Amino acid sequence: MPPGRNWTTEDFRLDPSRPLYEQFTEQIRAMIAKGELAPGERLPSVREMASGLRVNPTTAMKTYQELERMNLIVTYRGQGTFVTREEEAIRRSRRQLAQEAVRQLTETARSLGLTPEQLWELAREE
Amino acid sequence: MEMKDRSLEGKPAIRCEGVEVVIRKKQVLRNVSFEVEAGRLAGLLGPNGAGKSTLLRLLTGLLPPDGGTVELFGRPAGPERLAEVSFLPDRGQLPVYLSAGEWLGFAAKLYPDWNRGRERELIEKLEIDRAKRIGSMSRGEEARLQLLTCLSREAPLLILDEPFTGVDLVSRERIASAVVGEMADGDRTFLIATHDIREMEQLFDCIVLIGDGAVKGAYDVDELRQAGRSVESCYREVFA
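Taken in sequence, the protein lines are chains X and E.
In terms of my numbering, the first sequence has 821 at position 120, counting the first letter as 1, and numbering is strictly consecutive.
In terms of my numbering, the second sequence has 1232 at position 233, counting the first letter as 1, and numbering is strictly consecutive.
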């Protein structure tokens, strides 16, 4: 999303059978983790986000509440909502994402009777 | 926002209880009960001929029920409540010989709750050409003008009957965006009747499914999704 512009429906992939705010939260969290959204970058207002994505304003509000709870975004009264400048918060979020990925990998490995390391090696075998 | 009667706060915007309608010996609505909380965007979904339009005529006070109660914000619906309801009728016709601008001039005088500022904002958002004659508009342009007429009022309850019928994709998207913008502005309540859920699926926060004149189910959309279901899958299960 170029600065000063709003999100469009093209920026997200949505599954209509999962809560939308969860999916927006995950995908914006990933954008922040990747640096696609830079620290301090301004985000659209709830109204702009809802209107641009054509979702219920409650969905946009819940998304921002979740991201605020994770300390990934901050809202300054009268100024708007921004990606946090606190690098520690972003690092923590990246670590949690990594932990979640490893947890899933471990589960897959276990279902094959392997350790994650064995799974990795097996996948790389010629 | 506008004047509010404190005693009615917390009352649902719409409440139907055991509503019955019989037209020419035919039972059109049978024991219809549901509620829509104020501030929500509710979808009234069902196939053609399910009784949606009849139900909307009750809500807008154009038709009295043969049984049961219909309440808006805690008081009975009826013609005297028209000031609180902004209604977009299905296949409504605006005067073809007027230009969009002339029509809006009349509408501003006709409705005491008309908001000129909002009208100007929506003319831009919905891309209405004030100089264009209504008779020479496409279905999509006319639908946008009708929606503008509906949204420029300050009525707390907006009822839209099939706002997307025969409307092109770009107009459908503009209409959905404009509805969202209005929602975000305050505590207005929307009830949108449609059999075409495409553009609206992501907008609804609750849905009422109606078929053969009876309520087949009412759901909170977030709860549906928590359970791994979508609005569309729910609609299919009920009506397929």
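Just so you know, even glycine gets a beta-carbon here, dropped at the ideal spot from N, CA and C.
In this text, all values refer to a predicted model and were calculated from it rather than measured experimentally.
Inside the stretch 1059-1112 of chain E only - alpha helix (DSSP H) runs reaching at least 4 residues
1099-1109
I need the straight-line Cα distance from P817 (chain X) to T807 (chain X), nearest angstrom please.
5 Å
S752 (chain X): first and last residue of the uninterrupted alpha helix (DSSP H) it sits in
V747 to L754
Ignore the nearest five residues each way along the sequence and tell me which others in P703 (chain X)'s own chain have a CB closer than 7 Å to its CB.
Annotation note: pLDDT 49 at P703 (chain X) (below 50); position unreliable, coordinate value reported separately. Once the five neighbours on either side are set aside, P703 (chain X) has no close Cβ partner at all.
Short of 8 Å in beta carbon distance, which residues of its chain neighbour I1133 (chain E), apart from the five on each side in sequence? Order them along the chain.
L1093, P1094, V1095, Y1096, L1097, S1098, A1099, W1102, E1141 and L1144
Tell me the DSSP secondary structure of F1189 (chain E) in three-state form.
strand
Report the three-state DSSP secondary structure of V1169 (chain E) (helix, strand or coil).
helix
Have a look at the DSSP bridge pairing and note the partners of L1159 (chain E).
E:L1087 and E:I1191
Beta carbon proximity, G753 (chain X) to chain E, threshold 9 Å
yes
Going by the CB atoms, is the gap between R1224 (chain E) and S718 (chain X) shorter than 9 Å?
yes
Bounding residues of the alpha helix (DSSP H) (the contiguous stretch that carries Q780 (chain X)):
Element bounds for Q780 (chain X): n/a, residue is neither H nor E.
Can you say whether G1060 (chain E) is buried or exposed, counting buried as having 16 or more other CB atoms within 10 angstroms of its CB?
buried
Using a Cβ-Cβ cut-off of less than 9 Å, give me the residues of the stretch 1171-1195 of chain E that come near chain X, in sequence order.
E1172, A1175, S1176, A1177, V1178, V1179, G1180, M1182, A1183 and D1184
Given a cut-off of 9 Å, decide if R1090 (chain E) and T1164 (chain E) are closer than it, judged by their beta-carbon atoms.
yes
Taking the CB atoms as reference points, tell me whether S1052 (chain E) and D1160 (chain E) lie closer together than 9 Å.
yes
Let me check you understand the geometry: is the CB of C1149 (chain E) closer than 8 Å to at least one non-hydrogen atom of the ligand FAD?
Of the ligands one can find in the structure shown there are none, so the ligand FAD has no counterpart to examine.
With a CB to CB cut of under 7 Å and the five nearest residues on each side skipped, what residues in its chain are close to K763 (chain X)?
Y722
If you draw a straight line from the C-alpha of L1147 (chain E) to the C-alpha of T809 (chain X), how long is it?
54 Å
Determine the DSSP secondary structure at I1133 (chain E), reduced to helix, strand or coil.
helix
Applying a beta-carbon distance threshold of less than 7 Å, which residues of chain E neighbour R748 (chain X)?
G1180 and A1183
A1217 (chain E) - containing beta strand (DSSP E), residue span
A1213 to D1219
Closer than 7 Å at the beta carbon, the chain E residues around T759 (chain X):
D1204
Does any residue of chain X have a CB that is nearer than 9 Å to the CB of G1009 (chain E)?
no
Name, going along the chain, the residues of the stretch 718-747 of chain X whose beta-carbon falls closer than 9 Å to a beta-carbon of chain E.
S718, R719, P720, L721, Y722, E723, S746 and V747
Mind checking who R1014 (chain E) pairs with in its DSSP beta bridge?
E:E1034 and E:E1070
Distance check for R1039 (chain E) and S752 (chain X), CA to CA, integer angstroms please.
16 Å
I1209 (chain E) - DSSP class collapsed to helix/strand/coil
strand
Sufficient close CB pairs (3 or more, under 8 Å) joining the stretch 1041-1051 of chain E to the stretch 1198-1206 of chain E
yes
For a test of the three-state rule: what should DSSP assign to Q1201 (chain E), helix, strand or coil?
coil
Which one or two residues does DSSP pair with K1025 (chain E) in a beta bridge?
E:I1022
Does DSSP classify A1239 (chain E) as helix, strand or coil?
coil
Can you pull the chain X neighbours of V1230 (chain E), defined as C-beta to C-beta under 8 Å?
P717
Below 8 Å on the Cβ atoms is my guess for A1107 (chain E) versus R1119 (chain E); work out the distance and round it to an integer in Å.
The Cβ separation is near 11 Å, so there is no contact.
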